[in-house]
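Take any residue in the sequence shown, note its place counting from 1, add 776, and you have its number in this note's numbering.
Glycine included, every Cβ here is placed at the ideal spot set by N, Cα and C.
Single-structure report; data block below.
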Amino acid sequence: MTHPFRRLPMGWQCYNASDPGDTYSNWDYGETTMNKDGVYRISNTHNMLVVVGCNTLGFTASKRTEGGTATHTYYTGCMSYCNNSASAQDGLCHGVGCCHVNIPPGLTHNFFNFREYDHSAMMDYSPCDYAFLVDRNN
Numbered sequence: 777m778t779h780p781f782r783r784l785p786m787g788w789q790c791y792n793a794s795d796p797g798d799t800y801s802n803w804d805y806g807e808t809t810m811n812k813d814g815v816y817r818i819s820n821t822h823n824m825l826v827v828v829g830c831n832t833l834g835f836t837a838s839k840r841t842e843g844g845t846a847t848h849t850y851y852t853g854c855m856s857y858c859n860n861s862a863s864a865q866d867g868l869c870h871g872v873g874c875c876h877v878n879i880p881p882g883l884t885h886n887f888f889n890f891r892e893y894d895h896s897a898m899m900d901y902s903p904c905d906y907a908f909l910v911d912r913n914n
């Protein structure tokens with residue numbers, strides 16, 4: 777059985793070269809909404825969240841659908857770190873320059889977000905961070 781493929785937005789943030797140490801306490805920085813109206817379910821068996829960048833915490837969350845006082849049903853994400861341009865390895869995504877995490881079932885009303893960290897020492901090799909869903913089989 778083939779599954780239809782819908783291209784979803786990619787979350788990203790790039791640091792200001794004149795002040796890469798500038799960080800924000802706001803957890804909404806770099807927010808990218810996908811599936812805003814909750815029309816599509818994102819398959820947890822066919823997809824995973826990937827975060828690319830150095831000194832980067834990327835995450836996704838699902839808006840609360842029923843009950844509770846929290847604004848979201850869950851948060852899930854991963855942290856990627858590299859201390860120099862040579863530490864990340866091509867083809868590997870194990871937390872050094874890239875990380876990935878499974879996503880829970882029944883996703884709707886999702887978005888990507890980042891937590892900002894000082895990028896002063898990384899601007900020459902990691903000026904931007906990215907988060908996106910990928911087909912886990914490709």
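By the CB criterion at 9 Å, D911 and N831 fall outside the cutoff. The beta carbon of R891 is closer than 6 Å to those of L833 in its chain, skipping five residues each way along the sequence. Around P880, the same chain offers N820, Y850, T852 as residues with beta carbons nearer than 7 Å, after the five sequence neighbours per side are excluded.
The residues C874, Y906, in chain order, have a CB closer than 6 Å to that of V828 in the same chain once the five nearest residues on each side in sequence are set aside.
In the DSSP assignment, G787 falls within the beta strand (DSSP E) that extends over 787-790.
Per DSSP, the unbroken beta strand (DSSP E) holding V826 starts and ends at 823-828. With fewer than 16 neighbouring CB atoms inside 10 Å of its own CB, Q865 falls in the exposed class. Of the candidates L825, C858, M898, the residue whose Cα lies closest to the Cα of N913 is L825. Annotated as proximal: C858 and M898, with beta-carbon spacing under 9 Å. With 16 or more other Cβ atoms from the protein chains shown falling within 10 Å of its own Cβ, L909 counts as buried. Cβ-Cβ separation between C904 and W788: approximately 6 Å, consistent with a contact (criterion under 8 Å). Nearest to P785 by alpha-carbon distance, out of S896, Y791, I818, T845, is I818. Between the alpha carbons of N792 and Y901 lies a distance of about 14 Å. T845 carries a coil assignment under DSSP once its states are collapsed to helix, strand and coil.
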